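Q: Next up is a structure, given as structure tokens.
Residue numbers (my numbering): 67 to 145.
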């Protein structure tokens with residue numbers, strides 16, 4: 067029987083789905099689409115993280131990217 071990890075594993079398919087949805091939503095904003103594309107390249111061909119540290123890194127980078135998208139979108143609304 068395979069040993070299950072003590073933590074919830076990162077769902078890269080869901081992450082890519084969210085990135086694609088955001089990229090479509092902000093397709094008219096070059097700064098956001100560029101930011102999303104750069105992160106998308108990091109996860110596009112991954113099947114799973116190599117280890118827990120890699121998974122934590124990807125999760126933190128994903129969260130950071132989402133925060134930047136919100137900041138950029140908020141600045142654009144303020145303009």
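All residues carry an ideal CB built from backbone N, CA and C; glycine is no exception. None of these values were measured; they are calculated from a predicted model.
Short of 7 angstroms in beta carbon distance, which residues of its chain neighbour residue 84, apart from the five on each side in sequence? Order them along the chain.
A: none
Q: Taking the alpha helix (DSSP H) that residue 105 belongs to, which residues open and close that run?
A: 96–109
Q: Measure how close the beta-carbons of residue 81 and residue 109 come, nearest whole angstrom, since I'm counting them as under 8 angstroms.
A: 6 angstroms
Q: Can you tell me whether residue 79 is helix, strand or coil according to DSSP?
A: In the three-state DSSP reduction, residue 79 falls in the helix class (H, G or I).
Q: Under 8 angstroms Cβ to Cβ from residue 95, same chain only, skipping five residues before and after it: list those, please.
A: These residues qualify, in order along the chain: 138, 139, 142.
Q: Can you tell me the Cα-Cα spacing of residue 76 and residue 91, whole angstroms?
A: 23 angstroms
Q: Quick one: grab the DSSP three-state call for residue 125.
A: When secondary structure is reduced to three states using DSSP, residue 125 falls in the helix class.
Q: Given a cut-off of 7 angstroms, decide if residue 131 and residue 106 are closer than it, judged by their beta-carbon atoms.
A: In this structure, residue 131 does not lie closer than 7 angstroms to residue 106 by Cβ.
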